[in-house]
Ligand code: ATP
């Protein structure tokens, strides 16, 4: 799947609607200090389901909402829209019936955040799985933030392995395995209860 467009509204320093077209190949973001380069990368992570405020350099998730400036009042919500080209039908099942996939995440003060995929309500987990299955996502090694290269060089083997697994496209499988294990455990305990009831009836 190809990322084709990123739209921001009220996200961090991007108070006005801002649209970026993403072309084929490697994309670099350049600009003077403080112009919002890292904010752009964070918007991309956020719309893909990032849920750790620290990854957004904040203490709470509402910190991503434009906080106001001397000439502009603060906004009440922030919204990021990511458009994907799915003409090659590479999206996972459940998302794969259209040429274009549009993911919208919106956070409103005191009301939390919500996702929409192609106009319909979606769960954070489903959006995270969509990207994990496509070997990308908020933790994707394809998004290189400042200081990340030196972190990688100094990383412990376990952390390096996670990066390799992400690149190999198997991180979605880990999440599914974890969920399957939880279901198995619940089923085993239900079976035990059924056996107890049967013993009592005999
Ligand atoms: P550098 O090259 O120095 O790393 P940068 O281009 O990556 O800078 P960012 O860190 O993305 O810049 O943006 C920093 C700017 O974003 C600061 O001016 C900061 O005040 C502004 N900013 C961050 N969060 C908010 C917010 N919630 N509301 C308004 N402005 C914000």
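Residue numbers (this note's numbering): -18 to 183. A virtual CB, placed ideally from N, CA and C, is assigned to each residue, including glycine.
- Judged by the Cβ position, residue -7 qualifies as a neighbour of the ligand ATP at the 6 Å threshold, a heavy atom of the ligand being closer than this.
- Residue 112 has its Cβ no nearer than 6 Å to any heavy atom of the ligand ATP.
- Taking the Cα of residue 56 as reference, the smallest distance to any Cα among 175, 125 and -2 is reached at -2.
- The DSSP assignment places 105 to 114, 129 to 134 and 138 to 149 as complete runs of the alpha helix (DSSP H) inside the stretch 91 to 177, in order along the chain (cut-off: 4 residues).
- When the alpha-carbon of residue 97 is set against those of 181, 71, 62 and 79, the nearest one is in 62.
- Nearest in C-alpha terms to residue -10, of all of -17, 4, 18 and 24, is 24.
- By alpha-carbon distance to residue 4, the top candidate from 13, 91 and 64 is 64.
- No Cβ-Cβ contact shorter than 7 Å links residue 22 with residue 1.
- Between the alpha carbons of residue 102 and residue 183 lies a distance of about 49 Å.
- Taking a C-beta distance under 7 Å as the contact criterion, residue 9 and residue 18 do not qualify as a contact pair.
- Bridge pairing for residue 88: 59 and 94 [DSSP].
- Sorting 83, 53 and 75 by C-alpha distance to the C-alpha of residue 66 places 83 at the top.
- In this structure, the C-beta of residue 14 approaches the ligand ATP to less than 6 Å from one of its heavy atoms.
- Inclusion of residue -18 and residue 71 in the CB contact set at 7 Å is warranted, their separation being smaller than that value.
- Using a 10 angstroms sphere on the CB of residue 106, the tally of other CB atoms stays under 16, which defines it as exposed.
- Spanning the alpha carbons of residue 80 and residue 180 requires a straight line of approximately 56 Å.
- Residue pairing for residue 50: DSSP places it in a beta bridge opposite 53.
- For residue 48, the shortest C-beta to heavy atom distance toward the ligand ATP is below 6 Å.
- Relative to the Cα of residue 147, the nearest Cα in the group 109, -6, 14 and 58 belongs to 109.
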